[in-house]
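In the numbering used here, the protein residues as written are 3 to 130.
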């Protein structure tokens, strides 16, 4: 849902039109060329290993930081630069400094991985 609305923001409009009008399928190398995927793997096993490495790296980060970053990226994708900057300023002021940031700095000074608490579900105030 929303492919025809979102795809022109990601790849050249001419390619969007060609794919939409013809229904042509394309292979992984073309998806990589146009930035629709970050990496192409030769086997299913290599793909699983690669995505798990990325997932583990993300999981090391603070849950609030990851959630906030996702929110800002999703909001910025569909709004103007000015709206996005206003939104992030409001978001940052509302979140303030929390235990997650303190734990990040403490862990770094102690040369260890941070130990974050699970992020409790928050009521969603914005649309995806």
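Think of the CB as a built atom: it goes at the ideal place given N, C-alpha and C, for glycine as much as any other residue. The structure presented is a predicted model; accordingly, all values stated were derived computationally and were not measured.
At least 7 Å separates the beta-carbon of residue 38 from that of residue 121. Boundaries for residue 27: no alpha helix (DSSP H) harbours it, and the DSSP string shows neither H nor E there. In this structure, residue 34 sits near residue 42, with a CB-CB distance shorter than 7 Å. Note on residue 25: under 16 other CB atoms within 10 angstroms of its CB, so exposed under the neighbour-count rule.
Residue 10 places its beta carbon less than 7 Å from that of residue 18.
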